[in-house]
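What follows is one structure encoded as structure tokens, with my remarks underneath.
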Amino acid sequence: MPLPSYALGVVEASVYAPEVLARGLPASQLSGGQPEDRGVSAEPIVASAPLLSLQGIGLSFGGVVALADIDLSVRQGEIRAIIGPNGAGKSSLINVISGVYRPDRGRIGLHGASYAQVPTQRLAHLGVARTFQNLALFKGLSVLDNVAAGLAYKVRSNFAGQVLGIGRSREERRDSLNRADQILDFLDLAAVRDRLAGTLPYGLQKRVELARALVAEPRLLLLDEPMAGMTASEKTEMASFVRAARDRFATTVVLIEHDVGVVMGLSDRIAVLDYGRKIADATPDEVRNDPRVIDAYLGVASDNEDGAGI
Amino acid sequence: MAAIPAEFSSAPVLPKWVAPVLLLAFAYGVVPLVGSSYLFEAILLPFLALGLAGVGLNILTGYAGQVSLGSAAFMAAGAFAAYNFNLRIDGLPLIGSIVLAGLVAAAIGIVFGLPSLRLRGFYLAVSTLAAQFFVQWALTKFSWFSNNSASGVIDAPRLSIGGLALDGAVGRYLFALTIVAVLTFLAHRLVSSQTGRNFIAIRDNETAARIIGIPVLKTKLLAFAISSFIIGVAGVIWAFAYLRTVEPDGFDLDRSFQILFIIIIGGLASIRGAFFGAALIVVFPLALSRLGGFLLGDVFDSGVLDMSQRIVLGALIILFLILEPDGLVALWDRIRRRLLFAWQST
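From first to last, the protein sequence lines are chains F and P. As numbered in our numbering, residues 21 to 330 make up the first sequence, in order. As numbered in our numbering, residues 666 to 1011 make up the second sequence, in order.
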């Protein structure tokens, strides 16, 4: 797959893919979320209540503390990154938010409702979608069907109606294929539409996973290392897709990422975890200069920086 | 995308329904006229019954990813249920007993599918053994099921649909063929429907399926129910059309394994694969016995035949798992593509 031209040299100035923005769908066509299109404003949007709020989340696995007393508040429309060294508890946090883990302590607030454990089976109905750190595509389905599966929670026809092709089943199928096709166009995946998902290269599979999460137009999108294992240009491309998706669907994004450079350019705010604790939660610039963050990532600066005498 | 092989885009131009329709036309129009009684009794009837059972198991194991070793139990449940409905409800048409028998098998399938909500893989396979042993035990223990026959053997009723007697070999063949064709068509529709795609999603990644809102528990139980329904009806064909007299011991664990081998050899997650596998399983012992008798003469008695069958079958399964994990269907498709490609390039 040839690299799109916009994938190069747009790291700092703009992470938007011009093609994505130009070719993007009218918001009304993919309605469901908030209709307003906030354009390319990099300023965080101030909304009244947080979309997602974690209060005093604690989680441990048999004595190993994965998360300790985590508070997190994510506003509507924000791109919030969660970073931290390996084993800091980032994935555990995403799993708590998506209900895969039940925290030992604390509550999770999702647009108004409060949960001790988020009901995973109802997650899609709550407007939450996620991707996984390790690819979690349905390898035996085509790319199109993988993406259409993201709308499975809406299906109301039963199997008998589907087998006989009666009732609303045809209409549902047509509708979900249409929407899946729109998302595939949006994420530049139309060329691989009919291929089995398992046969795609890694970077494309990651993007298909994003498409599957986006097709439901979630209010909250959780991305667990969406750029892990990608080349620098693929990362830039993915970052532009994430940002374009936020702008197009007014989706709030919570993402975990190792690559601090990409995160700085992409997120509105960054929370930093270390050993299961939140050690910082601020704008990219503030985080960049936070001594505790630097310590966590690079170790405490030595007095003997030049290494003289070693 | 340069990676898409060119041969896919220039693949066959015929619509997909042509081959099955031609095959059915042949099966209905030509086979009854030219087939011998041996062909029907020894090859086609067991082939149809086992093929349909393979379709049923493939829905559960190939598509929904739930391994089951209880297939023979559901065949037995179907056979004995149809026998009892036919015996005890006056005026119930044969088709009625068959549908009810399928529903009984489906209900039993749901019950023994409940462990799948917590268990996976080998653990689930072992728990489905419970179905295998329980059903066989119940049918032997309670003689009511076999109408108090001393040996537990049941005799099939006369086969007739709408006054049309189907007792001869050809009649039973047409009876089985019709049921198998209808159910296979419905199964094909099912696996390409939303429900079928949900099966595949749960097979490929259960956590992701749950997260995107596929009702995992309901879908798994539905897979057990539909699969058991089809296998139950296959059991009716086995008992009523093929053997005519069956006993619970005919539906033992060996039969369950046989059906599992059918879908592994034929191709998992493929409706056609079940029939490829069934054809091999049915024809293979006959071919082996002819071949053995021809090569070795009297030394090749039934004991040797049985043993060599197991050895060769076991070796075949291992070979298939290693060389062609996608089964005969994948092999067939590849050969067909090569031939088409060769034909097009000449």
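In this text, a Cβ means the ideal position worked out from N, Cα and C, and glycines have one as well.
Next item on the list: For residue 221/F, count neighbouring C-beta atoms within 10 Å of its own C-beta (all shown protein chains included) and say buried if the count is 16 or more, exposed if not.
Entry: exposed
Checklist line | Opposing strand residues paired with residue 333/F [DSSP bridges] | finding: Outside the displayed span of chain F (21 to 330) sits residue 333/F, for which this structure offers no information.
Note to self: By DSSP's criteria, residue 298/F is part of a beta bridge. Which residues make up the other side?
What the structure shows: 293/F
Notebook entry, point to check: Quick one: is residue 903/P buried, meaning 16 or more other Cβ sit within 10 Å of its Cβ, or exposed?
Noted result: buried
Next item on the list: Could you confirm whether any beta carbon from chain F is found closer than 8 Å to the beta carbon of residue 869/P?
Entry: yes
Note to self: So residue 860/P contacts chain F; which residues on that side make the cut at Cβ distance below 7 Å?
What the structure shows: 179 and 182
Item checked: Coil, strand or helix - residue 761/P by DSSP -> helix
Next item on the list: Spell out whether any CB of chain F is found under 8 Å from the CB atom of residue 803/P.
Entry: no
Note to self: Please list the terminal residues of the continuous beta strand (DSSP E) segment that includes residue 99/F.
What the structure shows: 99-103
Next item on the list: Assign residue 910/P to one of three DSSP states: helix, strand, or coil.
Entry: strand
Check: Which term fits residue 877/P, buried or exposed, when burial requires 16 or more other beta carbons within 10 angstroms of its beta carbon?
Finding: buried
Checklist line | Which of helix, strand or coil DSSP assigns to residue 135/F | finding: strand
Note to self: Strictly below 7 Å CB to CB, what residues from chain P border residue 165/F?
What the structure shows: 862
Margin query: Measuring only the C-alpha atoms, how far is residue 786/P from residue 159/F?
Written below: 18 Å
Note to self: Looking at residue 314/F: is its Cβ nearer than 8 Å to the Cβ of residue 304/F?
What the structure shows: no
Margin query: I'd like to confirm the pairing. Which residues does DSSP put opposite residue 267/F in its beta bridges?
Written below: None; residue 267/F has no bridge partner.
Checklist line | Limits of the unbroken beta strand (DSSP E) element including residue 244/F | finding: 240-244
Margin query: Cutting at 6 Å between CB atoms, please list the residues of its own chain near residue 73/F, excluding the five before and the five after it.
Written below: 93 and 129
Next item on the list: Would you give the residue range spanned by the alpha helix (DSSP H) that residue 276/F belongs to?
Entry: Element bounds for residue 276/F: not the alpha helix (DSSP H) but the beta strand (DSSP E), 272-276.
Check: If you follow the beta strand (DSSP E) that residue 801/P is part of, which residue opens it and which one closes it?
Finding: First-last for residue 801/P: 786-806, but that is the alpha helix (DSSP H), not the beta strand (DSSP E).
Check: Since residue 851/P meets chain F, which of its residues come closer than 8 Å, beta carbon to beta carbon?
Finding: 183
Check: So, helix, strand or coil for residue 879/P, using DSSP?
Finding: coil
Next item on the list: Starting from the N-terminal side, write out each stretch of the alpha helix (DSSP H) that is 4 residues or longer and does not extend beyond the segment 811-864 of chain P.
Entry: 834-856
Next item on the list: Figure out for me which residue from 783/P, 746/P and 858/P has the closest Cα to the Cα of residue 820/P.
Entry: 746/P
Notebook entry, point to check: For residue 997/P, does the three-state DSSP call read helix, strand or coil?
Noted result: helix
Check: Per DSSP, what kind of secondary structure is residue 88/F in: helix, strand or coil?
Finding: strand
Checklist line | Buried or exposed (CB count within 10 angstroms, at least 16 for buried), residue 695/P | finding: exposed
Margin query: Would residue 717/P and residue 886/P qualify as a contact pair, given that the criterion is a beta-carbon distance under 8 Å?
Written below: no
Next item on the list: Kindly list the residues whose CB is nearer than 6 Å to the CB of residue 53/F, restricted to its own chain and excluding five residues on each side of it in sequence; keep chain order.
Entry: Its pLDDT being 39, under 50, residue 53/F is placed unreliably by the model, and the measurement read from it follows with that caveat. Once the five neighbours on either side are set aside, the close Cβ partners of residue 53/F are 237, 269 and 270.
Item checked: DSSP state of residue 128/F mapped onto helix, strand, coil -> strand
Checklist line | Selection of the segment 870-902 of chain P by Cβ proximity to chain F, strictly under 8 Å | finding: 870, 872, 873, 874, 875, 876, 877, 878, 879, 880, 881, 887 and 891
Notebook entry, point to check: What do you get for residue 806/P, buried or exposed, if any count of 16 or more other CB atoms within 10 angstroms of its CB means buried?
Noted result: exposed
Next item on the list: Decide if residue 1007/P is buried, meaning its Cβ has at least 16 other Cβ atoms within 10 Å, or exposed.
Entry: exposed
Check: Where do the N-terminal and C-terminal ends of the alpha helix (DSSP H) with residue 147/F fall, by residue?
Finding: No alpha helix (DSSP H) contains residue 147/F, which DSSP labels as neither H nor E.
Check: Is the number of C-beta pairs between the segment 788-803 of chain P and the segment 903-923 of chain P that are closer than 8 Å three or more?
Finding: yes
Checklist line | Closer than 8 Å to chain P by CB, residue 81/F | finding: no
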